[in-house]
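Engineer:
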Amino acid sequence: MRSRKIPLVVAAAASASMLLASCGGGGEDDGATTGTLDFYTNKAAWEPDFDELNAASESRADITLNTTGYSDAEQYDAFVRQSFRTDKSPGLFTWQTGPSLAELVEEDLIAETTDIWTKAVDSGWVSTDLRETYTYDGKQYCVPMNIAYWVMYYNKNIFAEQGIEEPTTWAELNSIAERLTGAGITPYYQTSTLFTFQWFQQMVAGTDPELYEGLSTGEVKYTDPRIVDIMETWLDQEEAGWFSDAGSTTDPAVGLKQGDYAMINFGSFFNGSLDGAGMVSGEDYDMFVIPATNPDLEQTPVAVESGPLCVAENSSQKTLGLTYSEWWMSPEAQTAWSEARGDVAFNPKATVADPMLEELGTTVASDDYQLYDRYYEATPTPILTVALEQFGAFIANPGDPMPFLETIQAEADDYWAEQE
Amino acid sequence: MTSDKATRPKAAKDPYHWSARGFIAPGVLGVAVLLYVPLLWTTFISFTEYNGLGDPEWIGVENYVEMFDDPAFLGSVLNTLLWVGGTLLVPVGIGLGIALLTWNLKGGTWLRLPFLIPYAVSGIGVAVIWSFILGSGGALDQALGAFGFSDTPRWLVDAPLNTVVMILATAWQGVGVNALLFTIGLQSIPKEPLEAARIDGAGGFRLFRSILWPMLRPLTAVVVGLSIVASLKTFDIVQGMTKGGPGRDSETLALTMYKETFVNSEYGLGSAIAVFLTIVTLAAAILYLRQQLSSKHEG
Amino acid sequence: MPSKSTAPPFKSTARVIRTAVLAVLGLLWLIPVYLLIINAAKAPETFTTTHSWRPTDFSLLSNIGEAMRLSGLADSVLSTLVYAVVSPVIAVLVGAAAGFAIVALRLRHGFAWFVAIFGGTVFPLQMILLPLFDAYSRMNLFDTRLGMILVYTAISIPFSAFVMRNFFTGIAHNVFEASVLDGASTGRIFFRVYLPMASSALVAIFILQATFIWNDFLLGLVLSQSDTVRPIVTSLAGMQSTYGGAQMSTVLAGGLLVSLPTVVLFLCTQKFFSRGLALGQY
Chain A
-7 MRSRKIPLVV AAAASASMLL ASCGGGGEDD GATTGTLDFY TNKAAWEPDF DELNAASESR
53 ADITLNTTGY SDAEQYDAFV RQSFRTDKSP GLFTWQTGPS LAELVEEDLI AETTDIWTKA
113 VDSGWVSTDL RETYTYDGKQ YCVPMNIAYW VMYYNKNIFA EQGIEEPTTW AELNSIAERL
173 TGAGITPYYQ TSTLFTFQWF QQMVAGTDPE LYEGLSTGEV KYTDPRIVDI METWLDQEEA
233 GWFSDAGSTT DPAVGLKQGD YAMINFGSFF NGSLDGAGMV SGEDYDMFVI PATNPDLEQT
293 PVAVESGPLC VAENSSQKTL GLTYSEWWMS PEAQTAWSEA RGDVAFNPKA TVADPMLEEL
353 GTTVASDDYQ LYDRYYEATP TPILTVALEQ FGAFIANPGD PMPFLETIQA EADDYWAEQE
Chain B
10 MTSDKATRPK AAKDPYHWSA RGFIAPGVLG VAVLLYVPLL WTTFISFTEY NGLGDPEWIG
70 VENYVEMFDD PAFLGSVLNT LLWVGGTLLV PVGIGLGIAL LTWNLKGGTW LRLPFLIPYA
130 VSGIGVAVIW SFILGSGGAL DQALGAFGFS DTPRWLVDAP LNTVVMILAT AWQGVGVNAL
190 LFTIGLQSIP KEPLEAARID GAGGFRLFRS ILWPMLRPLT AVVVGLSIVA SLKTFDIVQG
250 MTKGGPGRDS ETLALTMYKE TFVNSEYGLG SAIAVFLTIV TLAAAILYLR QQLSSKHEG
Chain C
67 MPSKSTAPPF KSTARVIRTA VLAVLGLLWL IPVYLLIINA AKAPETFTTT HSWRPTDFSL
127 LSNIGEAMRL SGLADSVLST LVYAVVSPVI AVLVGAAAGF AIVALRLRHG FAWFVAIFGG
187 TVFPLQMILL PLFDAYSRMN LFDTRLGMIL VYTAISIPFS AFVMRNFFTG IAHNVFEASV
247 LDGASTGRIF FRVYLPMASS ALVAIFILQA TFIWNDFLLG LVLSQSDTVR PIVTSLAGMQ
307 STYGGAQMST VLAGGLLVSL PTVVLFLCTQ KFFSRGLALG QY
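Keeping their order, the protein sequence lines are chains A, B and C.
Numbering-wise (the working numbering), the first sequence opens with residue -7 and increments by one.
Numbering-wise (the working numbering), the second sequence opens with residue 10 and increments by one.
Numbering-wise (the working numbering), the third sequence opens with residue 67 and increments by one.
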């Protein structure tokens, strides 16, 4: 009998807690413009860099970041989503552009940054192209924390031994791959978990940027004959032995160092990992922008990834967070950040520490290149999850691409139907 | 009347009624407040559509329908069953073996130590070191290569081999705990029946079957019960080594739940999987424990 | 009264074989530990995965130093130590009390109550993280040591109750009856009779739960924020990610460092498992 009472007691406690939960979250903005700002990030490995930046922000803006790093990106997303309901909603946090940010903006959870952007664009601190990524319904939200271009890294020693130059056309890249395979060297790195999308992204956007755009808006189906053709090309390359063993668990930076493969298609933040693995920038490794698959394209498409720095609308530190965001955009902050982190800077007036990254920044800014959003941010999350799995399965066991594409398209159909 | 003062053990109906309640109360309260209340919230969410923002919207059993409709869910269930069977067979079996071998053996406690050390290695360490061993061209392949076996399978890519090797990696970590629990069981066995059996000339396997095994039952129930529960919610090692891939080949139920909740922000669907997993686990545990425990000691 | 000294149950040749089997198996078990150590000792700049079995150089200390610098590990040690000691101690006592109530005091519907407590372990921890975070931040328990101790205690109780309940069923009920005849109260019987008899089980539960808490990553990640409250493994995990950060050998070195205290704990508590129980004292 008593045991039957257990659920009752628990149910009572639960309804009490739900009552609590229904009282909305968030705190009053305390209006402070100086002091300690609580900052949450999913780039936990950068925590020491943010701490280093505090020296500059303390003296210039009188704001100190109190950084909490989350090493698990998925747990982090859930934590931030939940925090909007509590009085812990963050004064400053990192997020993803694309549909994930749109979702928060639609719920009115993000503080507007239009004024900050207007000032930054007027001062020539940031390009109008980048502003587009942060614009929703004509207003801006968040500021860019980091920016990365997806390029091809290569082992310079291998290229030198084989007498290979950086390719300028897709055909040259293919002949390099053939030549390396002939010499018993695997040309490209690949993995069957998480980073499974980049080659697909590269070939689709490099064939036709509009086709790529269509995939992310649902106008183009994954089973479109043009997409199937691209997958067939990928399959041919897999069968020709152009890609590394999908079962390898070696860290990609170490793999490139020890010559497991000659090239890796990765974001420009990869310099940090390669340096850490003991390779010297410009000596042991270098990078090139991957030529477009379709030689008739006027501009070479380059995938760009940009991580925003956002302020919660209902945070008690909203004013402080926005004050910091404004400072963040300045050349002074960006130069200090580039020194601490060693990454590409979005602000052309900032000084970049690594000459290779400096050069990359100038190259892609020219009219010969066209930036497009990385597949990871451009694709709605449910479709992305399935696509990453399916590309992973394809990479592990390459075969007829149709079943993989059909599975992705089934999820896409569901998703777009729900959006109606 | 206070039961504490009762001096007649078989008096009245239940002289320790209140005393017993007092002893169990802290345990029940702690678990109820910190674990069951959040679980009820999860159960509520499983009947709603919720993305972590705004308010949950009641949709009835739709999430459950969607869950059973998904062919990948079935694969997940099968993998989870493989984990349950595998962990009962390997870590429990070896754990019992080690406990018996070290029992009453001079230096036995020290010989047991190597099996306990892996338990001390943190989860991050375990996933990293086993990826390192099992990856293509990794430590295992290098060792096999040295003995002339070069054509090794892709341990972490080919299904269901990847699940099998991950079960073995889990066994590596879990055997010591099971051995320790069995050892405690062996220690609680009274000496008289053992002496008597030995005087009768019983040794080895007969001694084990007739005396040790029946007397180990309470602790066997612990080890098997924990093993079933732990294997049904296998998550860390799979997330650390294959992330359920390639595709969804090595996904377990806990991983499917995690993906829906944390990756896709489908809190309702994720919660539905969690509820399903909880019911299955509880049912398995009750069925097993009822049979093992209630016959002898309680009414 | 049975004699305390127990004659070895098997003959000496069998002992040798047993020792040999255990030694071989034990060495096999230590192979991954060996790989962990030698690879944690390799300098990140020269680290490769092509010669996993051979030690190449000894940079263990500098790797450990780097791991501590990157993760702010030093700040976490004290609070993690508090969690790993306080929570299991409470949980062991609470669990033993529950087992005592069910077995010795023959609590009515004991099995149902037992299942109610044990049920606390059956669902995946990931599912209760978000409601816990929500509740914690409303009750000002988020990012406090008290909050961490509470949650660690709660998740350790079911295991502790399970083991203690089953351990106590191995003790004849007349032990309890004899104590009652001596005029002891239930509290006294619990603390003076049952707990001492269960010392090896209590120690086993303590070290297993302390290790579990010491190695916890998930609860620390969601329920804490500041360096002084965050447990050690959560801090450690922070230094590794796709976006740069620590190299493999640094991660391994950090993992090794974190594991050391638990290995020492195992070493120190071994003597509790060396002998059988003296059950004949009543």
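The beta-carbon is built from N, C-alpha and C at its ideal position, and this holds for glycine as well.
Identify which residue in A/A328, A/K148, A/Q182 and A/A197 has its Cα closest to the Cα of A/Y361.
Structural biologist: Here residue 361 of chain A is taken as the residue at index 369 of the first sequence, counted from 1. Ranked by Cα distance from A/Y361, the first of A/A328, A/K148, A/Q182 and A/A197 is A/A197.
Engineer: Is the stretch 234 to 246 of chain C touching the stretch 206 to 225 of chain C in the sense that three or more CB pairs, one from each, lie closer than 8 angstroms?
Structural biologist: no
Engineer: Measure the C-alpha to C-alpha separation of B/W164 and B/G234 and round it to an integer number of angstroms.
Structural biologist: Looking up residue 164 of chain B in the second sequence gives position 155. Looking up residue 234 of chain B in the second sequence gives position 225. Cα to Cα, B/W164 sits roughly 29 angstroms from B/G234.
Engineer: Any beta-carbon of chain C closer than 8 angstroms to the one on B/L242?
Structural biologist: Taking the second sequence and counting its residues from 1, one reaches residue 242 of chain B at position 233. According to the sequence as given, residue 242 of chain B is Lys; it is not Leu. Answer yes: the Cβ-Cβ gap between B/K242 and chain C drops below 8 angstroms somewhere.
Engineer: Answer yes or no: do A/S104 and A/S308 have a C-beta to C-beta separation smaller than 8 angstroms?
Structural biologist: Position 112 of the first sequence, counted from the start, is the residue given in the question as residue 104 of chain A. Position 316 of the first sequence, counted from the start, is the residue given in the question as residue 308 of chain A. Note that residue 104 of chain A is Glu in the sequence shown here, rather than Ser. Not closer than 8 angstroms, so no.
Engineer: Taking only the alpha-carbon atoms, compute the straight-line gap between A/P293 and B/P123 and give it to the nearest angstrom.
Structural biologist: If you number the first sequence from 1, residue 293 of chain A lands on position 301. If you number the second sequence from 1, residue 123 of chain B lands on position 114. Distance between the alpha carbons of A/P293 and B/P123 is about 56 angstroms.
Engineer: Taking 8 angstroms as the cut-off, decide whether the C-beta atoms of A/Q154 and A/A175 are in contact.
Structural biologist: Here residue 154 of chain A refers to the residue found at position 162 of the first sequence. Here residue 175 of chain A refers to the residue found at position 183 of the first sequence. The beta carbons of A/Q154 and A/A175 sit closer together than 8 angstroms.
Engineer: Are any of the Cβ atoms in chain A nearer than 8 angstroms to that of C/R204?
Structural biologist: Sequence index remark: in the third sequence, residue 204 of chain C carries index 138 (1-based). Interface residue, yes.
Engineer: At a Cβ threshold of 8 angstroms, is B/K200 touching chain A?
Structural biologist: Looking up residue 200 of chain B in the second sequence gives position 191. Output row for B/K200: interface = no.
Engineer: Is B/V232 near the ligand GDP, going by C-beta to nearest heavy atom under 7 angstroms?
Structural biologist: You won't find the ligand GDP in this model; it holds no ligand whatsoever.
Engineer: When we look at the beta-carbon of A/T161 and count the other beta-carbons within 10 Å, is it buried (16 or more) or exposed?
Structural biologist: What you label residue 161 of chain A is simply residue 169 of the first sequence in a count that begins at 1. It counts as exposed.
Engineer: Count the other CB atoms, across all protein chains shown, that sit within 10 Å of the CB of B/S197; report buried if there are 16 or more and exposed otherwise.
Structural biologist: Position 188 of the second sequence, counted from the start, is the residue given in the question as residue 197 of chain B. B/S197 should be labelled buried.
Engineer: Nearest-angstrom Cα distance between C/V188 and B/I107?
Structural biologist: Here residue 188 of chain C refers to the residue found at position 122 when the third sequence is read from its first residue. Here residue 107 of chain B refers to the residue found at position 98 when the second sequence is read from its first residue. So the alpha carbons of these two residues sit roughly 27 angstroms apart.
Engineer: Chain A partners of C/L287, CB-CB under 9 angstroms?
Structural biologist: Here residue 287 of chain C refers to the residue found at position 221 when the third sequence is read from its first residue. Residues of chain A passing the Cβ test: Y62, S63, D64, Q67, Y68 and F71.
Engineer: Return no unless some Cβ of chain A is closer than 8 angstroms to the Cβ of C/D141.
Structural biologist: Here residue 141 of chain C refers to the residue found at position 75 when the third sequence is read from its first residue. Output row for C/D141: interface = no.
Engineer: Between B/V166 and chain A, is there a C-beta pair that is closer than 8 angstroms?
Structural biologist: Translated into positions along the second sequence, residue 166 of chain B becomes position 157. True, the Cβ-Cβ gap to chain A drops below 8 angstroms.
Engineer: Just the Cα atoms here: how many angstroms apart are A/I282 and C/V148?
Structural biologist: Within the first sequence, numbered from 1, the residue matching residue 282 of chain A stands at position 290. Within the third sequence, numbered from 1, the residue matching residue 148 of chain C stands at position 82. If you take the alpha carbons of A/I282 and C/V148, they lie about 53 angstroms apart.
Engineer: Compare the C-beta of B/R163 with all C-beta atoms of chain F and state if any pair is closer than 8 angstroms.
Structural biologist: Structure shown: chain F not included; protein chains present are A, B and C.
Engineer: Quick check: A/W329 and A/V135, are their CB atoms within less than 8 angstroms of each other?
Structural biologist: Locating residue 329 of chain A in the first sequence gives position 337, counting from the first residue. Locating residue 135 of chain A in the first sequence gives position 143, counting from the first residue. Contact: no.
Engineer: Closest Cβ-Cβ distance between A/S75 and chain B: below 8 angstroms?
Structural biologist: Working through the first sequence from its first residue, we reach residue 75 of chain A at position 83. Closer than 8 angstroms: no.
Engineer: Does A/S414 pass the burial test, meaning 16 or more other C-beta atoms within 10 Å, or should it be called exposed?
Structural biologist: This structure cannot settle anything about residue 414 of chain A, because the visible part of chain A is limited to -7 through 412.
Engineer: Could you pull the DSSP bridge partners for C/S301 from this structure?
Structural biologist: By 1-based counting over the third sequence, the position of residue 301 of chain C is 235. Looking at the DSSP assignment, C/S301 forms no beta bridge with any residue, so it has no partner.
Engineer: The alpha helix (DSSP H) spanning A/T311 covers which residue range?
Structural biologist: Your numbering for residue 311 of chain A matches position 319 in the first sequence. A/T311 -> alpha helix (DSSP H) spans K310 to M321.
Engineer: Can you grab the Cα-Cα spacing for the pair A/Q190 / A/A404, in whole Å?
Structural biologist: What you label residue 190 of chain A is simply residue 198 of the first sequence in a count that begins at 1. What you label residue 404 of chain A is simply residue 412 of the first sequence in a count that begins at 1. Cα to Cα, A/Q190 sits roughly 19 angstroms from A/A404.
Engineer: Using a Cβ cut-off of 9 angstroms, pull out every chain B residue sitting near C/L102, in sequence order please.
Structural biologist: Taking the third sequence and counting its residues from 1, one reaches residue 102 of chain C at position 36. What C/L102 touches in chain B: V130, G134, V137, I138 and F141.
Engineer: Taking B/K115 as the query, report the chain A residues whose CB atoms sit under 9 angstroms from its CB, ordered along the chain.
Structural biologist: Taking the second sequence and counting its residues from 1, one reaches residue 115 of chain B at position 106. The contacting residues do not exist; B/K115 stays about 42 angstroms from chain A at best.
Engineer: Based on the DSSP output, what are the partners of A/A140 in its beta bridges?
Structural biologist: On the first sequence, residue 140 of chain A is found 148 positions in, with the first residue counted as 1. BP columns for A/A140 point to A/E297.
Engineer: Determine the burial state of A/T33: buried for a count of at least 16 other Cβ atoms within 10 Å of its Cβ, exposed for fewer.
Structural biologist: Against the first sequence, residue 33 of chain A aligns to sequence position 41. The residue is buried, with at least 16 neighbouring Cβ atoms inside 10 Å.
Engineer: I need the straight-line Cα distance from C/Q313 to A/S265, nearest angstrom please.
Structural biologist: Numbered from its first residue, the third sequence carries residue 313 of chain C at position 247. Numbered from its first residue, the first sequence carries residue 265 of chain A at position 273. Spanning the two alpha carbons is a distance of roughly 8 angstroms.
Engineer: Applying a beta-carbon distance threshold of less than 7 angstroms, which residues of chain B neighbour C/P190?
Structural biologist: Residue mapping note: residue 190 of chain C aligns to position 124 of the third sequence, counting from 1. Within chain B, the residues near C/P190 are K242, F244, A263, M266, A283 and L286.
Engineer: Output, in sequence order along the chain, the residues in the stretch 118 to 143 of chain C whose CB is closer than 9 angstroms to any CB in chain A.
Structural biologist: R135, L136, S137 and G138
Engineer: Taking Cβ to Cβ, would you say A/F42 is nearer than 8 angstroms to A/F85?
Structural biologist: Counting from one through the first sequence, the residue named residue 42 of chain A turns up at place 50. Counting from one through the first sequence, the residue named residue 85 of chain A turns up at place 93. Contact: no.
Engineer: Give a yes or no on whether the minimum CB-CB distance between B/T57 and chain A is below 8 angstroms.
Structural biologist: Taking the first residue of the second sequence as 1, we reach residue 57 of chain B at position 48. No, no contact with chain A.
Engineer: Note down, in chain order, every chain B residue with its Cβ under 7 angstroms from the Cβ of C/L216.
Structural biologist: On the third sequence, residue 216 of chain C is found 150 positions in, with the first residue counted as 1. Result: L43.
Engineer: With H, G and I counted as helix, E and B as strand and the rest as coil, what does DSSP make of A/E275?
Structural biologist: Counting from one through the first sequence, the residue named residue 275 of chain A turns up at place 283. DSSP places A/E275 in coil when its eight states are reduced to three.
Engineer: Starting from A/F261 and walking both ways along the alpha helix (DSSP H), at which residues does that stretch end?
Structural biologist: Your numbering for residue 261 of chain A matches position 269 in the first sequence. No alpha helix (DSSP H) holds A/F261; DSSP gives it neither H nor E.
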